[in-house]
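Numbering (the working numbering), first residue to last: -18 to 190.
All residues carry an ideal CB built from backbone N, CA and C; glycine is no exception.
It should be emphasised that the depicted structure is a prediction, and the values quoted were computed from it without experimental measurement.
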DNA sequence: GCGACAG
DNA sequence: ATCTTGTCGC
């Protein structure tokens, strides 16, 4: 692993990011997350029907990882196991929701964007903390606050069930759609259901190993 | 040089 | 992310 090389890859992938909506409808959303035990990464992918928030299918995958967690290069650590879990799904999904940032990233290519471009899928990043940029104002239950980076809006800080989460487009979705899908996918937790369920499943997967 | 720093 | 008991609150 070479950070300079990683940054080059991110820059190259960032050129392929599309920030326009390419879907007429978003019916199924896949949430992905992972849990760790030393170098073992346990990833989970959960497909949820947006209209009912019912789980359609869930799969897990384990993979040994050698890349440590480095802020800004999260994708290089978690990507392998997550893609493995996604490939095990038999169900189709329209869009990916990823734990981490989309374009709200130093190179404009966070984990959500990275996955979206590699898999050629619409994707959205949802994070519990900001990595870079700044929030303009304070989010209220009814009004999200803009995340500004290099003088442009790259996402929103959203108040979700009394907690603040950070939403940014990953690939093939607009800022407005990213916000809309996350809102529709959120029920009784701060994180949208697909992510919350993937988080629980990844933890369960690690335990039962 | 110092501080910040997704999971 | 993970290490971890009790504890405050609905």
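Residues of the same chain with a CB within less than 8 Å of the CB of residue -1, apart from the 5 flanking positions on each side, are 152 and 153 in chain order.
Each of 71, 87, 98 and 88 was checked against the Cα of residue 79, and the nearest Cα belongs to 98. Per DSSP, residue 149 is one residue of the beta strand (DSSP E) stretching across 144 to 152. Cβ-Cβ separation between residue 103 and residue 76: approximately 4 Å, consistent with a contact (criterion under 8 Å). Rounded to the nearest angstrom, the gap between the Cα atoms of residue 112 and residue 7 is 28 Å. Counting of Cβ neighbours within 10 angstroms places residue 59 among the buried residues, the total reaching 16 or more. For the pair residue 20 and residue 41, the CB atoms are not nearer than the 8 Å cut-off. Distances from the CA of residue -17 to each of 48, 39, 33 and 101 were compared; the closest alpha carbon is that of 48.
Just measuring C-alpha positions, the residue of 131, 128 and 122 sitting nearest residue 141 is 122.
Contact between the stretch -15 to -3 and the stretch 8 to 16 is absent, with fewer than three C-beta pairs closer than 8 Å. Shown here, residue 41 sits in a strand according to DSSP, grouped into three states. Residue 144 and residue 173 have their C-alpha atoms roughly 12 Å apart. Cβ-Cβ distances below 7 Å link residue 165 to 31 in the same chain, with the five nearest sequence neighbours on each side left out; the list follows chain order. As for any alpha helix (DSSP H) of minimum length 4 sitting wholly inside the stretch 85 to 148, the runs are 92 to 100, ordered along the chain. Taking C-beta atoms under 8 Å as the contact rule, residue 92 and residue -13 fail to qualify, at a distance of about 12 Å. For residue 5 and residue 23, the gap between their C-alpha atoms comes out near 33 Å. In the displayed model, residue 73 falls within coil according to three-state DSSP, outside both helix and strand.
Fully contained in the stretch 13 to 65 are the following beta strand (DSSP E) runs of length 3 or more, in chain order: 21 to 30 and 35 to 45.
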